[in-house]
Amino acid sequence: MLAYERFGSGEPLVLVHGISHRRQAWYPVAEQLAEHREVILFDLPGHGDSPDLVPDGRPVKELLQDQLLELFFELGLERPHIAGNSLGGRIALEAAADGLVSSATGLSPAGFWKGERDFAYIRAHFAVLLTGARIAQPLAPTMARSSLARKLMLASLMTHGERLDRDRVVGDLNKMVRARTALKTIIGGAFPFDGEIADDIPVTIAWGTKDRLLLPYQAERARKQLPQAEHVWLEGSGHVPMSDDVAGVVDVLLRGSAQGLRSSVAETVVA
1 MLAYERFGSG EPLVLVHGIS HRRQAWYPVA EQLAEHREVI LFDLPGHGDS
51 PDLVPDGRPV KELLQDQLLE LFFELGLERP HIAGNSLGGR IALEAAADGL
101 VSSATGLSPA GFWKGERDFA YIRAHFAVLL TGARIAQPLA PTMARSSLAR
151 KLMLASLMTH GERLDRDRVV GDLNKMVRAR TALKTIIGGA FPFDGEIADD
201 IPVTIAWGTK DRLLLPYQAE RARKQLPQAE HVWLEGSGHV PMSDDVAGVV
251 DVLLRGSAQG LRSSVAETVV A
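Under the UniProt record's numbering, the first residue of the sequence shown carries the number 1, and numbering increases by one thereafter.
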């Protein structure tokens, strides 16, 4: 069983973190979301506190989707709302394409790179991140006491890494190192998003204007590929925007998941 947390009240909203991250990525926005939604956070296989991702010859998409469906079954969720960041955003879009959810929101979702050269940049970025994490791991508890050091350590992922406390940064770094095997499996099986999402499943895509991993040109490709979706810019935010713009991300997630609610409920939430 995947490690998860469940709290709040209202329509269920499943939040999916990015590759090499963990469920705590959503903590900056979770409390405010829980005032309007039942929030479900979980660690992907091979990440955080969940069991390892075990390749069995099937495509990565199928492996991850099966784990998601098992989580839905275990928690009694039937077509919940879903939102994700990076890989998590891609998982959300795939779930929408397969008709498994009531709405889908992606924050810089993976899958909209131009070609192999652009994907090589993404692959190299993660290789540098992982190498840096392994080198910094013994020194991280001391380094992370400094807000400037936290900002620099997380600069490729967010613009305001200093807003995370020392324990969160150290924990994220340790779990990033732990996720290296899953990262290699997922990166090795990656391919551009090519799904078609039915018009009756609301989709929202938001992109940080300072995303240094999935560069903002990909937002324009997502706009062309999914013209029916609502597309939003998160001004000044990096690839992981939940700490960079708490209010903006909360607004995007509530509005994105309100589109599938009864109109009276939606009007109350977004008024």
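All C-beta atoms in this analysis are idealised placements derived from N, C-alpha and C, irrespective of residue type, glycine included.
For clarity, every value in this text was computed on a predicted model and none was experimentally measured.
Between the segment 109-125 and the segment 218-227, the count of Cβ pairs shorter than 8 angstroms is three or higher; the stretches touch. Pro12 has Glu38 as its beta-bridge partners, per DSSP. With distances taken between CA atoms, His239 lies nearest to Thr159 out of Arg166, Thr159, Ile82.
Judged by their CB atoms, Glu5 and Leu41 are nearer to each other than the 8 angstroms cut-off. Annotation note: the segment 77-118 contains the following uninterrupted beta strand (DSSP E) runs of length 3 or greater, listed N- to C-terminal: 81-85, 103-107.
At a Cβ-Cβ threshold of 8 angstroms, Ala3 and Gly76 do not count as neighbours.
Distance between Trp207 and Leu234, taken at the CA atoms: about 6 angstroms.
In the same chain as His125, and ignoring 5 residues on each side of it, the C-beta atoms closer than 6 angstroms to its own belong to Leu213, in chain order. Remark: C-beta atoms of Thr105 and Leu226 do not approach each other more closely than 8 angstroms.
It is roughly 7 angstroms from the alpha-carbon of Val39 to the alpha-carbon of Ala30.
DSSP places Thr204 inside the beta strand (DSSP E), whose first and last residues are 203-208. Between the segment 174-191 and the segment 7-16 there are fewer than three C-beta pairs closer than 8 angstroms, too few to call the two in contact.
In the displayed model, Glu5 falls within a strand according to three-state DSSP.
In the three-state reduction of the DSSP assignment, Val232 falls in the strand class. Boundaries for Ile19: no alpha helix (DSSP H) harbours it, and the DSSP string shows neither H nor E there. Here Gly248 is buried, its C-beta having at least 16 other C-beta atoms within 10 Å. The shortest C-alpha to C-alpha distance from Ala149 to any of Val170, Leu130, Arg134, Ala95 is the one to Val170.
Note on geometry: alpha-carbon atoms of Asp245 and Ser237 lie some 7 angstroms from one another. Taking Ser243 as the centre and dropping the five residues before and after it, the same chain places the C-beta of Pro28, Met158, His160, Arg163, Leu164 closer than 7 angstroms to its C-beta, in chain order. Boundaries of the alpha helix (DSSP H) around Gln65: 60-74.
Around the Cβ of Phe73, a 10 Å sphere holds fewer than 16 other Cβ atoms; the residue is exposed.
With 16 or more neighbouring CB atoms inside 10 Å of its own CB, Arg22 falls in the buried class. Of the candidates Asp199, Glu196, Phe191, Phe191 places its Cα closest to the Cα of Leu87. Between Ala182 and Leu93, the C-beta gap is not smaller than 8 angstroms, which leaves the two residues out of contact.
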